[in-house]
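Everything below concerns the one structure shown next.
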Amino acid sequence: MPISQSYGSPDESSGDATIERALDLGVTFFDTADIYGPFTNERLVGRALRGRRDDVVLATKCGFVPDPAGGPSRIDGSPDHIRAACEASLDRLGVRTIDLYYLHRVDPRVPIEESVRAMAALVREGKVRHLGLSEVHADTLRRAHRVHPIAAVQSEYSLWTRDVENGVLPACRELGVGFVPFSPLGRGFLTGTVRNLDELPANDFRRGVPRFQGENLARNLAVADELAAIAREKGCTPAQLALAWLLARGPDIVPIPGTKRPTYLAENVGAVDVRLSSADLARIEAAAAPARIAGERYSPASFAMVDRGPAQAP
Numbered sequence: 086m087p088i089s090q091s092y093g094s095p096d097e098s099s100g101d102a103t104i105e106r107a108l109d110l111g112v113t114f115f116d117t118a119d120i121y122g123p124f125t126n127e128r129l130v131g132r133a134l135r136g137r138r139d140d141v142v143l144a145t146k147c148g149f150v151p152d153p154a155g156g157p158s159r160i161d162g163s164p165d166h167i168r169a170a171c172e173a174s175l176d177r178l179g180v181r182t183i184d185l186y187y188l189h190r191v192d193p194r195v196p197i198e199e200s201v202r203a204m205a206a207l208v209r210e211g212k213v214r215h216l217g218l219s220e221v222h223a224d225t226l227r228r229a230h231r232v233h234p235i236a237a238v239q240s241e242y243s244l245w246t247r248d249v250e251n252g253v254l255p256a257c258r259e260l261g262v263g264f265v266p267f268s269p270l271g272r273g274f275l276t277g278t279v280r281n282l283d284e285l286p287a288n289d290f291r292r293g294v295p296r297f298q299g300e301n302l303a304r305n306l307a308v309a310d311e312l313a314a315i316a317r318e319k320g321c322t323p324a325q326l327a328l329a330w331l332l333a334r335g336p337d338i339v340p341i342p343g344t345k346r347p348t349y350l351a352e353n354v355g356a357v358d359v360r361l362s363s364a365d366l367a368r369i370e371a372a373a374a375p376a377r378i379a380g381e382r383y384s385p386a387s388f389a390m391v392d393r394g395p396a397q398a399p
């Protein structure tokens, strides 16, 4: 996503170089979505993977519909939209099959069962191999899984966003569903590189995220500084420490740190070599205890698009 939107200006040339570097370093899981750009990121990923398709697991998502006038996107989880979106993604990616196809957000107007049945039809037709859901409540996951096996759930999870531990992550483990943390570096905050809003581009969406605002930012910087001190002692970067913590949560956790810079990509990949003892983990978790994190992870408008579970059941 950062290559095409949200974090300042798009940078496709750097994005091409980053994906090429990822392939050279042995990265095998690539995650995109039709809404990224919109539409431009899938084309970029498809172009970058040409000739290397069999080397990777390719994931994309559907469910967001961009506003032609540039306003907020809407959610559409209807069967007709899911089918049309899949066909369009296959074309943009230049592939015959998508390995993992996510419903990007649950449409409150459409029972999850209807959305998943439409996605399951794509599996039967060979257009999709596995199904995923994003930002879902545990009850919604269970309902979806009864219709067709869900291979993975994607949601925000990091040292400063641990809500999933009390809901959907236990449900995933109960059902044998993999978990894919997005924003595993706290939207860049856990890298220690964001110190104030003035450092961010004017069109960076983090300017509207409560955790980056005023007093919240000051409180959160204290957490970031403590984590950075631990990273120095471990001989790694703060980003590597944050990713190593996630990797230590279990083999079912597959974080997807986004970046548009080859240098940061190589740094992120290096996290697999960081070993954390039980004492390290305890110290890290104390430094970033949920009670110490100030502010919400989303703006109210973004939170309105997150599935809250039973209230949306038919």
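Taking this note's numbering, the leading residue of the sequence shown gets 86, the next gets one more, and so forth. C-beta atoms are modelled at their ideal positions from N, C-alpha and C, and glycine is treated no differently.
Local Cβ density within 10 Å of residue i, reported as buried at 16 or more and exposed below that
i: serine 219; result: buried
i: phenylalanine 388; result: exposed
i: serine 240; result: buried
i: glycine 299; result: exposed
i: glutamate 127; result: buried
i: aspartate 119; result: buried
i: asparagine 288; result: exposed
i: asparagine 353; result: buried
i: threonine 400; result: The chain is shown only over 86 to 399; residue 400 falls outside these bounds and no answer can be derived.
i: alanine 309; result: buried
i: leucine 175; result: buried
i: isoleucine 88; result: buried
i: alanine 314; result: exposed
i: proline 286; result: exposed
i: arginine 177; result: buried
i: alanine 386; result: exposed
i: alanine 327; result: buried
Minimum C-alpha distance to residue i - residue among the options
i: arginine 296; options: Gly252, Arg317, Thr246; result: Thr246
i: isoleucine 167; options: Phe149, Val180, Pro157; result: Phe149
i: glycine 380; options: Leu366, Arg304, Pro323; result: Arg304
i: isoleucine 338; options: Glu210, Phe264, Arg228, Arg209; result: Phe264
i: glycine 320; options: Val221, Val195, Gly343, Gly355; result: Gly355
i: glycine 162; options: Gln325, Ala316, Leu178, Pro196; result: Pro196
i: valine 249; options: Ala236, Leu226, Glu105; result: Leu226
i: isoleucine 235; options: Val221, Leu302, Ala133, Asp365; result: Val221
i: alanine 329; options: Val142, Arg291, Leu366; result: Leu366
i: valine 141; options: Tyr121, Phe124, Ala169, Gly111; result: Gly111
i: valine 262; options: His230, Arg291, Gly156; result: His230
i: cysteine 257; options: Ala169, Arg177, Arg228; result: Arg228
i: threonine 344; options: Arg292, Arg272, Met390, Ala205; result: Arg272
i: histidine 189; options: Tyr121, Leu207, Ile104, Ala386; result: Tyr121
i: arginine 64; options: Glu199, Tyr187, Glu318, Thr103; result: The chain is shown from 86 up to 399; residue 64 falls before or after that span and cannot be answered.
i: arginine 382; options: Glu284, Tyr242, Asp139, Met86; result: Tyr242
C-beta contact flag for residue i and residue j at 7 Å
i: phenylalanine 267; j: isoleucine 341; result: yes
i: aspartate 392; j: valine 238; result: no
i: proline 164; j: serine 158; result: no
i: proline 395; j: aspartate 224; result: yes
i: glycine 179; j: glycine 131; result: yes
i: aspartate 116; j: alanine 154; result: no
i: glutamate 311; j: alanine 372; result: yes
i: proline 84; j: glycine 277; result: Nothing about residue 84 can be reported from this structure: the residues present for the chain run from 86 to 399 only.
i: glutamine 325; j: valine 357; result: no
i: glutamate 97; j: leucine 129; result: yes
i: alanine 333; j: leucine 361; result: yes
i: leucine 306; j: arginine 292; result: no
Bridge partner(s) assigned by DSSP for residue i
i: leucine 218; result: Leu188, Val238
i: lysine 146; result: Tyr187
i: aspartate 116; result: Ala144
i: valine 208; result: Valine 208 is not bridged to any residue.
i: serine 243; result: Thr246
i: glycine 263; result: Ala237
i: isoleucine 341; result: Phe267
i: arginine 292; result: Arginine 292 is not bridged to any residue.
i: arginine 45; result: Here the chain comprises residues numbered 86 to 399, so residue 45 is not present and cannot be evaluated.
i: valine 232; result: Bridge partners of valine 232: none, in fact.
i: valine 213; result: Ile183
Rounded distance between the beta-carbons of residue j and residue i, thought under 8 Å
i: valine 279; j: serine 384; result: Going by Cβ atoms, the distance from valine 279 to serine 384 rounds to 17 Å, so no, they are not a contact pair.
i: lysine 212; j: threonine 182; result: 6 Å
i: valine 201; j: leucine 216; result: 7 Å
i: leucine 244; j: leucine 275; result: 6 Å
i: leucine 350; j: alanine 107; result: 6 Å
i: proline 269; j: leucine 331; result: 5 Å
i: valine 232; j: alanine 205; result: 7 Å
Any chain D beta carbon closer than 7 Å to residue i
i: threonine 344; result: No chain D appears in the structure shown, which is made up of a single protein chain.
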